[in-house]
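**Q** One structure, as structure tokens, below. Some questions next.
2 protein chains.
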Amino acid sequence: MIHGHNHNQCITSAIQSAERLCAARGTRFTPMRRKVLQLIWGSHQAAKAYDLLDCIKVSEKGATPMTIYRALQFLQDQGLIHRVETLNAYVGCSHVGLQHEVVLLICEECQQIKERSAPGVMTVLHEDIAQSGFLTKRSTIEIYGTCGNCAVLLKAAQ
Amino acid sequence: MIHGHNHNQCITSAIQSAERLCAARGTRFTPMRRKVLQLIWGSHQAAKAYDLLDCIKVSEKGATPMTIYRALQFLQDQGLIHRVETLNAYVGCSHVGLQHEVVLLICEECQQIKERSAPGVMTVLHEDIAQSGFLTKRSTIEIYGTCGNCAVLLKAAQ
DNA sequence: ACCTGATATGTTATATTGTATCTAACTTAC
DNA sequence: GTAAGTTAGATACAATATAACATATCAGGT
Chain A
93 MIHGHNHNQC ITSAIQSAER LCAARGTRFT PMRRKVLQLI WGSHQAAKAY
143 DLLDCIKVSE KGATPMTIYR ALQFLQDQGL IHRVETLNAY VGCSHVGLQH
193 EVVLLICEEC QQIKERSAPG VMTVLHEDIA QSGFLTKRST IEIYGTCGNC
243 AVLLKAAQ
Chain B
93 MIHGHNHNQC ITSAIQSAER LCAARGTRFT PMRRKVLQLI WGSHQAAKAY
143 DLLDCIKVSE KGATPMTIYR ALQFLQDQGL IHRVETLNAY VGCSHVGLQH
193 EVVLLICEEC QQIKERSAPG VMTVLHEDIA QSGFLTKRST IEIYGTCGNC
243 AVLLKAAQ
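Those protein sequences? They're chains A and B, same order as listed. First residue of the first sequence: 93, per my numbering; consecutive thereafter. First residue of the second sequence: 93, per my numbering; consecutive thereafter.
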């Protein structure tokens, strides 16, 4: 249990979503891809490609960077993970199958990442941007700060 | 003249701002830092570190990656440039000296980058995020799409 | 002018992140 | 079963970034 949630449940559910999604789309959720996704869901922190590689190598002796990057590419294409640009790392997507603008909230205390969808605000942002004549296609939004849990802990520690 | 603006003027003004800012702060705007800043302002596209290095090497034979990365670090610390996280590249800051949240608008047609400050929207975004208990410290926002100029050109070409 | 502490740069080596390319194995549809 | 397409293995390399230590330069006090 991390921060009051059953993380095994968390992983299981992510894998099941992935399975359903790929089955529905006719894309192949191979053992390698499953393992990588499972590793990424090992925590709510961002996972680095070469750390994943080290883990994968335990069971897959011949694994190379390509092994990982291919799996990551597939998982990204399917919308099962997000790349965290400011960290060169990857995190599980918690809104699988839903069309959504990704806003990542990254806690500087515990390094855990939450995904927030703020469609209302995003619409306002795009409209504001559109006033400068710019037509938005896609966006990368990564917010650093202190998550709710850590804010409480920090306050208590004072 | 690029897109109706005098770019030499653009560069000159950026360098002058940098000079003033560093003088006011007592930080040292050395020849190397000036050259790097000037190169970055060579266009409104993002400049890659190793491309800058190649350029710098012409006049500074002994330049190495460190040479560039140190200058980039200084320029970033002073708020004279922004790092474009999604491109691993660097672009001149066009709001030098002003406290501002950086929103980068990156045109997929011409690769030019504009900086937009949308304080109203940003406040709304932070308030929205705060409702989830998350306290924002800083943010990386990079928007991809089509800039006003290219939108016009694309329409005309149809 | 000279010393000194702080800042900036030189230099070498190495760490980290990501691709290109070619080959072999596997999967699916016919 | 076979061809076409997809996935994975394997080797090499490209691109991005930092560590660590030596040297040079600068600003301020004497």
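From the three backbone atoms N, C-alpha and C, an ideal C-beta is built for every residue, glycine too.
Could you tell me the distance, in whole angstroms, from the CA atom of I221(A) to the CA atom of G212(B)?
**A** Distance between the alpha carbons of I221(A) and G212(B): 12 Å.
**Q** Going straight from the alpha carbon of T119(B) to that of W133(A), what length do you get?
**A** The alpha-carbon atoms of T119(B) and W133(A) are separated by roughly 45 Å.
**Q** When the Cα atoms are used, what is the spatial distance from A248(B) to Q223(A)?
**A** Cα to Cα, A248(B) sits roughly 20 Å from Q223(A).
**Q** When you compare the CB of L179(A) with every CB in chain B, is at least one pair closer than 7 Å?
**A** No, L179(A) lies away from the interface with chain B (no Cβ there is under 7 Å from its Cβ).
**Q** Measure from the alpha carbon of V128(A) to the alpha carbon of each residue in L217(A), H218(A), I107(A), then state which is nearest.
**A** Selected option, being the one with the closest Cα: I107(A).
**Q** With contact counted as at least three CB pairs below 8 Å, one residue from each stretch, are the segment 187-194 of chain B and the segment 198-211 of chain A in contact?
**A** Taking 8 Å as the limit for Cβ pairs, the verdict is that the segment 198-211 of chain A does not touch the segment 187-194 of chain B.
**Q** Measuring only between beta-carbons, confirm whether L254(B) sits less than 7 Å from chain A.
**A** Residue 254(B) lies beyond the residue range present for chain B, which begins at 93 and ends at 250; the question has no answer from this structure.
**Q** Go through its chain and collect everything with a Cβ distance to S186(B)'s Cβ below 7 Å, but skip five positions before and after it.
**A** If we look at S186(B) and ignore the five residues flanking it on each side, its Cβ neighbours are E207.
**Q** Taking buried to mean at least 16 other C-beta atoms within 10 Å of its own C-beta, is M214(B) buried or exposed?
**A** Its Cβ being crowded by 16 or more others within 10 Å, M214(B) is buried.
**Q** If we cut at 7 Å on Cβ distances, does Y236(B) have a partner in chain A?
**A** With 7 Å as the cut-off, Y236(B) counts as an interface residue toward chain A.
**Q** Could you tell me if R112(A) is buried or exposed, where buried requires 16 or more neighbouring beta carbons within 10 angstroms of its beta carbon?
**A** Exposed: under 16 other Cβ atoms inside 10 Å.
**Q** Note down, in chain order, every chain A residue with its Cβ under 9 Å from the Cβ of R239(B).
**A** Residue identity check: residue 239(B) is Cys in the sequence provided, not Arg. The answer, in chain order, is S224, G225, F226, L227.
**Q** Who are the neighbours of R208(A) on chain B, taking C-beta pairs under 9 Å?
**A** Correct list: D220, I221, S224, F226.
**Q** Anything in the segment 186-214 of chain B with a Cβ closer than 8 Å to a Cβ of chain A? List those residues in chain order, please.
**A** Correct list: V195, L197, C199, E200, K206, R208, A210, G212, V213.
**Q** Expressed to the nearest angstrom, what Euclidean distance is found between the alpha-carbon atoms of I160(A) and A181(A)?
**A** About 12 Å.
**Q** Classify T238(A) as helix, strand or coil using the three-state DSSP reduction.
**A** In the structure shown, T238(A) sits in a strand (DSSP, three-state: E or B).
**Q** When we look at the beta-carbon of A115(B) and count the other beta-carbons within 10 Å, is it buried (16 or more) or exposed?
**A** A115(B) comes out exposed.
**Q** Terminal residues of the continuous beta strand (DSSP E) containing A181(B)?
**A** First-last of the beta strand (DSSP E) with A181(B): 181-184.
**Q** Ordered along the chain, which non-local residues of its own chain (more than five positions away) have a Cβ less than 7 Å from that of E234(A)?
**A** Correct list, in chain order: V176, E177, T178, L196, I198.
**Q** Tell me whether H97(B) is buried or exposed, calling it buried when 16 or more other Cβ atoms sit within 10 Å of its Cβ.
**A** So H97(B) ends up on the exposed side.
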